[in-house]
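Residue numbers for the sequence shown follow the numbering used here, beginning at 499 and rising by one.
Ideal Cβ placement from N, Cα and C applies to all residues, glycine included.
Since the structure comes first, as structure tokens, the remarks are kept for the end.
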Amino acid sequence: MKRKTIGKRLTAKLKAYRAWLKANRNLPTAEILKRTARKLRGHYGYYGVTDNSRGINLYFYQVQRILHKWLNRRGRRNCCSWAKFALLLARFPLPKPKILVNLF
């Protein structure tokens, strides 16, 4: 039997992250990225079980998109292009998704 993240829970977690980021977008960028990394590690610790790599990869991808959107809304219009965002992530890397618990 394979395990995967339930779609409703994934959506709820992404909505909660979006709401948190919207409320805390005035924090320094380094602090936002540190807290995001901590949230991702927690998500991987809970959902990073055997056969759920697709779910945690999707969560990682969506968190990056949400983060880019809200960082782009700070300051003048379109000040954070994808190239600048990639440089920012190189300086403050987010943890990559990985399976932490092997159930077999």
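Could you name the residues of the same chain whose beta carbon sits closer than 8 Å to that of residue i, not counting the 5 residues immediately before and after it, in chain order?
| i | result |
| --- | --- |
| alanine 528 | Phe590 |
| cysteine 577 | Asn570 |
| tyrosine 545 | Thr503, Gly553, Ile554 and Tyr557 |
Nearest-angstrom Cα distance between residue i and residue j?
| i | j | result |
| --- | --- | --- |
| arginine 572 | glycine 540 | 27 Å |
| isoleucine 597 | serine 551 | 7 Å |
| arginine 501 | tryptophan 580 | 33 Å |
| asparagine 524 | methionine 499 | 44 Å |
| asparagine 570 | glycine 543 | 29 Å |
| leucine 585 | glycine 505 | 31 Å |
| lysine 582 | lysine 567 | 13 Å |
I'd like the list of long-range same chain contacts for residue i, defined as Cβ closer than 6 Å, with 5 residues on each side in sequence excluded.
| i | result |
| --- | --- |
| leucine 531 | Phe590 |
| leucine 601 | Val547 and Thr548 |
Just reading off the alpha helix (DSSP H) that residue i is part of, what are its end residues?
| i | result |
| --- | --- |
| asparagine 570 | 551-570 |
| threonine 509 | 505-521 |
| isoleucine 530 | 527-545 |
| lysine 582 | 580-589 |
So, for residue i: in the same chain, excluding its five sequence neighbours on each side, which residues have a beta-carbon less than 7 Å away from its beta-carbon?
| i | result |
| --- | --- |
| alanine 535 | Leu592 and Pro593 |
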